[in-house]
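Mapping to the numbering used here: the sequence shown position 263 is 269, numbers consecutive. We put the beta carbon where it would ideally sit given N, CA and C, even for glycine.
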Amino acid sequence: MAARARDTREATRAYLLVVLIRHPDAAPAGSASGSNLRVREGTVVARSGGFPPEERKVCASRLGGGIRGPAYAGRVRKKVPDEIRDIARDARSVTVLTGAGMSAESGIPTFRDAQTGLWTRVRPEDLATPEAWDRDPARVFAWYAWRAAAARRCEPNPGHRAIAAWEGRDGVELTVVTQNVDDLHERAGSRRVAHLHGSLFAYKCDFCDEPYTERLDLPRSPHERLEPPQCPRCGLGRIRPDIVWFGEPLDEGVFDRAVDAIRDADVLLVVGTSGIVYPAAGLPGLATRYGVPVIEVNPHGSDLSHELDHAWPVTAAVGLPALIEALEE
Numbered sequence: 007m008a009a010r011a012r013d014t015r016e017a018t019r020a021y022l023l024v025v026l027i028r029h030p031d032a033a034p035a036g037s038a039s040g041s042n043l044r045v046r047e048g049t050v051v052a053r054s055g056g057f058p059p060e061e062r063k064v065c066a067s068r069l070g071g072g073i074r075g076p077a078y079a080g081r082v083r084k085k086v087p088d089e090i091r092d093i094a095r096d097a098r099s100v101t102v103l104t105g106a107g108m109s110a111e112s113g114i115p116t117f118r119d120a121q122t123g124l125w126t127r128v129r130p131e132d133l134a135t136p137e138a139w140d141r142d143p144a145r146v147f148a149w150y151a152w153r154a155a156a157a158r159r160c161e162p163n164p165g166h167r168a169i170a171a172w173e174g175r176d177g178v179e180l181t182v183v184t185q186n187v188d189d190l191h192e193r194a195g196s197r198r199v200a201h202l203h204g205s206l207f208a209y210k211c212d213f214c215d216e217p218y219t220e221r222l223d224l225p226r227s228p229h230e231r232l233e234p235p236q237c238p239r240c241g242l243g244r245i246r247p248d249i250v251w252f253g254e255p256l257d258e259g260v261f262d263r264a265v266d267a268i269r270d271a272d273v274l275l276v277v278g279t280s281g282i283v284y285p286a287a288g289l290p291g292l293a294t295r296y297g298v299p300v301i302e303v304n305p306h307g308s309d310l311s312h313e314l315d316h317a318w319p320v321t322a323a324v325g326l327p328a329l330i331e332a333l334e335e
């Protein structure tokens, strides 16, 4: 079994490498070199900046508790297409791939949103690279501290809660594979989450790579500079966000978990992703190769149309609660 899984992962890396070679223009967010798949920082990381509360007033706290939340009270429930309902109802192993659109419904801006306040004249790409960290770690650390505080001010939306509710159904094993670096899935109750591009709330040493687990008291207001702490283990490095920056490889263990979840799935649900950030954008195609049905939930569509079995043009916060309700009927 171990040898088979290893062979599958190697074949997957080879497949995604071929995708990037054949479609370099479709992968503005990544390149590949050898067995290391190198990417830009993920869809939320690469698109997100801090946002002062006065500029972002639509955090999902307004959506309230429960799956649907009072923001959707009184609206006619979106009808779930029969074929999507039937596939979801029969699925016992479910994988959900989420992108920036999922978190945007909670008020977290995507990378291409207009920046406001302190970072109006700064391109996030210039702060999300190893080179930027080497040049000015205090500036990069301050930016990520601000972003973490901004993400904490938002709450999971009904789509996040619906995914967690699906995971809680008897007989269902559900894994979330996300390009997002916030913790909204976890706060909604999801227990099996693979963060392809890292997390705003995880840190490691830039020298010995050891995870940093001590508490960090970060300011809630934006600062132009914030000195990162020294690594208590090696004493040589500085503590950096455990984020996949532009040009860095994905964590191999996390990527393998994503591949395993897709290979073993009865359905892959793709939610709120543009389909342009590789290697994540290659995962729906991988599901197709394994014979796994692929369903997209996205009001705007994506570049994944050729990989889909079904597309449902609806937001996650509306469509996913409706899907869970349909499963319970």
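- Counting C-beta atoms within 10 angstroms of its own C-beta, residue 290 has 16 or more neighbours from the protein chains shown and is therefore classed as buried.
- It is roughly 45 Å from the alpha-carbon of residue 295 to the alpha-carbon of residue 235.
- Taken through DSSP and simplified to helix, strand or coil, residue 147 comes out as helix.
- Secondary structure at residue 229: coil, using DSSP grouped into helix, strand and coil.
- When C-beta atoms of the region 149-162 are compared with those of the region 185-193, three or more pairs fall below 8 Å, so the two segments count as touching.
- Spatial neighbours of residue 308 in its own chain (CB-CB distance under 7 Å, excluding positions within 5 residues in sequence) are listed in chain order as 279, 280, 281, 302.
- Secondary structure of residue 269 (DSSP, three-state): helix.
- Taking 8 Å as the cut-off, the Cβ atoms of residue 200 and residue 178 do not count as close.
- For residue 292, the enclosing alpha helix (DSSP H) covers residues 289-295.
- Between residue 256 and residue 202, the C-beta gap is smaller than 8 Å, which places the two residues in contact.
- Per DSSP, reduced to three states, the secondary structure at residue 308 is coil, with no helix or strand assignment.
- In the structure shown, residue 166 falls within a helical segment according to DSSP collapsed to helix, strand and coil.
- Counting along the chain, residue 251 sits inside no alpha helix (DSSP H), nor does DSSP assign it H or E at all.
- Beta-bridge analysis with DSSP links residue 204 to 249.
- Looking only at 209, 166, 165, the smallest Cα-Cα distance to residue 151 is reached by 209.
- For residue 156, the closest C-alpha among the options 242, 188, 166, 175 is that of 188.
- Around the beta carbon of residue 227, fewer than 16 other beta carbons sit within 10 angstroms, so the residue counts as exposed.
- Ranked by Cα distance from residue 112, the first of 138, 166, 97 is 166.
- Taking 8 Å as the cut-off, the beta carbon of residue 273 is found no closer than this to the beta carbon of residue 128.
- Distance from the CA of residue 329 to the CA of residue 172, rounded to the nearest whole angstrom, comes to 9 Å.
- Here residue 148 is near residue 230, since their CB atoms are less than 8 Å apart.
- Taken through DSSP and simplified to helix, strand or coil, residue 99 comes out as strand.
- In this structure, residue 237 lies away from residue 249, with their beta-carbon atoms at least 8 Å apart.
- CA-CA distance, residue 136 to residue 142, rounds to 10 Å.
- In this structure residue 313 touches residue 300 by the C-beta definition: roughly 6 Å separates them, less than 8 Å.
- Rounded to whole angstroms, the Cβ separation of residue 103 and residue 154 is 23 Å, and the two are not in contact under 8 Å.
- Comparing alpha carbon positions, the residue from 197, 186, 185 closest to residue 174 is 197.
- Less than 8 Å separates the beta-carbon of residue 168 from that of residue 326.
- Contact check for residue 261 against residue 131 fails: the beta carbons are separated by 8 Å or more.
- Close CB contacts of residue 181 within its chain, under the 6 Å cut and outside five residues either way in sequence, are with 101, 198, 267 (chain order).
- For residue 178, there is no enclosing alpha helix (DSSP H), since its DSSP letter is neither H nor E.
- With respect to the 8 Å criterion, residue 86 and residue 332 are classified as neighbours on the basis of their beta carbons.
- DSSP, read as helix, strand or coil, puts residue 327 in helix.
- Counted as a single uninterrupted DSSP element, the stretch harbouring residue 131 is not any alpha helix (DSSP H), since DSSP gives it neither H nor E.
- Its chain contains 281 as the residues whose beta carbon lies nearer than 6 Å to that of residue 287, once the 5 sequence neighbours on both sides are disregarded; these appear in chain order.
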